[in-house]
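Q:
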């Protein structure tokens, strides 16, 4: 089945100038006039359940189990459905393993009584790698999942052979902010525990849940189709309607971040040696990176200094890969096809 998506005259002309037309089909798309056409093949997903000490990590796989693996990780308060529209457009020569992070979708939350910690999520990714006994793999991450992928690539460079980071942007915690940051973690967790004591999660109608998910986005707005995809794994039915399966601790504003300064995080990212594709939405660049003086050096590093790294900016918002995958797929497909040819 083929779907057609228009691209700008400029983009089409640049592609012709770069002599890319002969390899379009290898990259899962081709040009017809000024129309970019993704080759959307019939792909079905299969559920997976991975045992972990606190329960299970749930998810789905796309593709042949014997193909080179891609570990796909979603952002905060989303789930593995975030890749449902993008993956069928990508090369079929890979096995795509999409997981729900702990406390998201259908996966078990981390044990109660503690704050959520960034490196526990990094460790969860490593547990998945150990479960499948992968010797090397590609990371595909969106938002928080992209941050996790970059850190995993820095920590285990011998395992992570390629990284695709969609809308990366870990929060910055400056040294002088640390006491206040930890105070907020403590106070907000204790307050949340008191609020939730002997109470069930709030219930919503499907329409109310849809509006709530649309409202609580980071520099973004979800389309109805995108929202419904995420709700399939994030909603659990009860007698009063539905409740969100997402760990309530994500209501703590500061969230599970690396707790590092911009300079420290750049030092971490310098340990990433593998080919890396960073795809950013122009709205995020404008509203976050260009206005956030504390974080801008990190963005500048990716653009000008990061080794073996390509930064691509596409039209859209933070969820462009799900809202409009046609704006993203060609860059990801080309990157994956090029990586595959070098194996």
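Residue numbers (my numbering): 4 to 346.
Note that beta-carbon positions come from the ideal geometry of N, C-alpha and C, so glycine has one too.
On a predicted model such as this, the values are computed, not experimentally measured, just so you know.
Considering residue 326, what are the terminal residues of the alpha helix (DSSP H) in which it resides?
A: Taking the chain shown and counting its residues from 1, one reaches residue 326 at position 323. For residue 326, the uninterrupted alpha helix (DSSP H) run begins and ends at 323–326, by DSSP.
Q: Which value, in whole angstroms, describes the spacing of the CA atoms of residue 187 and residue 180?
A: The sequence position of residue 187 within the chain shown is 184, counting from 1. The sequence position of residue 180 within the chain shown is 177, counting from 1. Rounded to whole angstroms, residue 187 to residue 180 spans 11 Å at the Cα level.
Q: Do residue 152 and residue 168 have their C-beta atoms within less than 8 Å of each other?
A: Along the chain shown, read from residue 1 onward, the residue named residue 152 stands at position 149. Along the chain shown, read from residue 1 onward, the residue named residue 168 stands at position 165. Annotated as proximal: residue 152 and residue 168, with beta-carbon spacing under 8 Å.
Q: Among 176, 329, 227, 189, which has the Cα closest to the Cα of residue 351?
A: Nothing can be reported for residue 351: it is not among the residues displayed for the chain, which extend from 4 to 346.
Q: Could you give the residue range of the beta strand (DSSP E) that holds residue 158?
A: As a first step, residue 158 must be located in the chain shown, where it is residue number 155. No beta strand (DSSP E) holds residue 158; the alpha helix (DSSP H) holding it covers 147–158.
Q: For the alpha helix (DSSP H) holding residue 231, just list the boundary residues, first then last.
A: As a working mapping, residue 231 is identified with position 228 in the chain shown. Looking at the DSSP string, the run of the alpha helix (DSSP H) that includes residue 231 is 227–237.
Q: Going by CA-CA distance only, name the one from 183, 100, 200, 215 that's closest to residue 65.
A: As a position in the chain shown, residue 65 is number 62, starting the count at 1. Measuring from the Cα of residue 65, the nearest candidate turns out to be 100.
Q: Would you identify the three-state DSSP class for residue 117, choosing helix, strand or coil?
A: Taking the first residue of the chain shown as 1, we reach residue 117 at position 114. In the structure shown, residue 117 sits in coil (DSSP, three-state: anything other than H, G, I, E or B).
Q: Just to confirm the assignment, what range does the alpha helix (DSSP H) spanning residue 347 have?
A: Since the displayed the chain opens at 4 and closes at 346, residue 347 lies outside it and no answer follows.
Q: Leaving out five residues on either side along the sequence, give the residues of the same chain with a beta carbon under 8 Å from the beta carbon of residue 231.
A: Within the chain shown, the letter at position 228 stands for residue 231. Closer than 8 Å at Cβ, skipping near neighbours: 213.
Q: Can you give the Cα-Cα distance for residue 210 and residue 227, rounded to whole angstroms?
A: Working through the chain shown from its first residue, we reach residue 210 at position 207. Working through the chain shown from its first residue, we reach residue 227 at position 224. Cα to Cα, the separation comes out at about 11 Å.
Q: Would you decide whether residue 274 is buried or exposed? Buried here means 16 or more other CB atoms lie within 10 Å of its CB.
A: Stepping through the chain shown from its first residue, residue 274 is reached at position 271. Exposed, because fewer than 16 other Cβ atoms sit within 10 Å of the Cβ of residue 274.
Q: May I have the straight-line CA-CA distance separating residue 299 from residue 222, to the nearest angstrom?
A: The residue you call residue 299 lines up with position 296 of the chain shown. The residue you call residue 222 lines up with position 219 of the chain shown. Taking the straight line from one Cα to the other gives about 16 Å.
Q: Would residue 216 and residue 234 be called neighbours here (beta carbons separated by less than 8 Å)?
A: Counted from its first residue, the chain shown places residue 216 at position 213. Counted from its first residue, the chain shown places residue 234 at position 231. Taking 8 Å as the Cβ cut-off, residue 216 and residue 234 qualify as a contacting pair.
Q: Are the region 53–71 and the region 96–115 touching by the rule of at least three beta carbon pairs closer than 8 Å?
A: Under the three-pair Cβ rule at 8 Å, the region 53–71 counts as touching the region 96–115.
Q: Buried or exposed: where does residue 122 fall if 16 or more other Cβ atoms within 10 Å of its Cβ makes it buried?
A: To locate residue 122, count along the chain shown from 1; it is residue 119. Answer is exposed; the Cβ neighbour count stays below 16.
Q: Can you tell which of 270, 139, 253, 160 has the C-alpha that lies nearest to the C-alpha of residue 191?
A: One-based indexing of the chain shown puts residue 191 at position 188. Here the closest residue by C-alpha is 253.
Q: Within 10 angstroms of its Cβ, does residue 2 collect 16 or more other Cβ (buried), or is it exposed?
A: No answer is possible for residue 2: it lies beyond the span of the chain, which begins at 4 and ends at 346.
Q: Expressed to the nearest angstrom, what Euclidean distance is found between the alpha-carbon atoms of residue 71 and residue 277?
A: For the purposes of this step, residue 71 is taken as the residue at position 68 of the chain shown. For the purposes of this step, residue 277 is taken as the residue at position 274 of the chain shown. So the two alpha carbons sit approximately 16 Å from each other.
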